[in-house]
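Trainee: Each position in the sequence shown, counted from 1, maps to that position plus 489 in the working numbering.
Where is the CB? At the ideal position from N, CA and C, for every residue including glycine.
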Amino acid sequence: MADTAPFWRRKALAELTDAEWEALCDGCGRCCLIKLRDAGSGVLHYTGVACRLLDPGTCRCRDYDHRRERVADCLAIRTLPRAALADLPPTCAYRRLAEGRELPAWHPLVSGDPGSVRAAGISACLLAVSEEHVHPGDLRHFILPPWPEE
Ligand code: SF4
Ligand code: SF4
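(1) Whole alpha helix (DSSP H) runs in the segment 514-563 with 4 or more residues, listed along the chain?
(2) Using only alpha-carbon positions, find the residue among Arg541, Cys548, Glu639, Arg571 that is nearest to Leu623.
(3) Is it true that the CB of Thr580 sits closer than 8 Å to the CB of Arg519?
(4) Put Ile611 into one of helix, strand or coil per three-state DSSP.
(5) Given a cut-off of 8 Å, decide if Leu502 and Ala587 are closer than it, judged by their beta-carbon atoms.
(6) Give me the Cα-Cα distance between Leu592 and Gly531, rounded to the nearest whole angstrom.
(7) Report the option in Pro637, Ala582, Tyr535 whose CA atom is closest to the CA atom of His630.
(8) When you compare the segment 613-620 with the segment 509-526, are there three or more beta-carbon pairs, one atom per stretch, that lie closer than 8 Å?
(9) Where does Val623 fall in DSSP's three states?
(10) Can you tell me where the alpha helix (DSSP H) holding Phe631 begins and where it ends?
(11) Mind checking whether the beta-carbon of Arg519 lies closer than 7 Å to any heavy atom of ligand 2?
(12) Would the beta-carbon of Tyr553 be found less than 7 Å away from any heavy atom of ligand 2?
(13) Would you say Ala503 lies against chain B (beta-carbon separation less than 8 Å)?
(14) Where does the unbroken alpha helix (DSSP H) through Ala582 begin, and where does it stop?
(15) Within a Cβ cutoff of 7 Å, which residues of the same chain sit near Val606, ignoring the five residues on either side of it in sequence?
If you want it as structure tokens, here you go:
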């Protein structure tokens, strides 16, 4: 691969600097939606209910530096075993690159525009309601259909 290729094509995920790793996150907020795993099938379902720390305006975490202290099940994506990346949405840059796929045209690193995630309809904040407004017993009513491959 030519040295002029962007960093995500030149380097493996494990080789990225912290800044490169963070830049790969498109800010879709999909991984911040509450998930339910079917005890029988093992299938993971995303709900349209967002973590209480997800800012609906920016679709970013309100306390990113302390997220793991404040929310016990917040995903530490960088330390997830490779197989667990398959539980991330198919749009997620980390999953895509781990699977050998390219970043999509709407990814900010490709488009040059952070607004392209929302414009492409990828942002979870287009559909999410905060968990502050949903009783835990009602979460199953918010299960989303499987993410389309994008
Ligand atoms: S799903 Fe992936 S790209 Fe989207 S916010 Fe989460 S880590 Fe970032
Ligand atoms: S704590 Fe922040 S990063 Fe973690 S799931 Fe909640 S909003 Fe997302």
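Mentor: Result, derived from the coordinates:
(1) Counting only runs of 4 or more, we get 556-559.
(2) In the sequence on display, residue 623 carries Val and not Leu. The option with the nearest alpha carbon to Val623 is Arg541.
(3) Taking 8 Å as the Cβ cut-off, Arg519 and Thr580 qualify as a contacting pair.
(4) coil
(5) yes
(6) 28 Å
(7) Tyr535
(8) Using a C-beta cut-off of 8 Å, the segment 613-620 makes contact with the segment 509-526, since at least three inter-stretch Cβ pairs fall below that distance.
(9) coil
(10) That residue, Phe631, is in no alpha helix (DSSP H); it is neither H nor E in DSSP.
(11) Checking every heavy atom of ligand 2 against the Cβ of Arg519, none is found closer than 7 Å.
(12) yes
(13) Looking at the structure shown, chain B is missing, and only one protein chain is on hand.
(14) 582-587
(15) Sequence-distant partners of Val606 (beyond 5 residues in either direction) whose C-beta falls short of 7 Å from its own C-beta, in its chain, are Asp515, Gly516, Cys517, Trp595, Pro597, Ser612.
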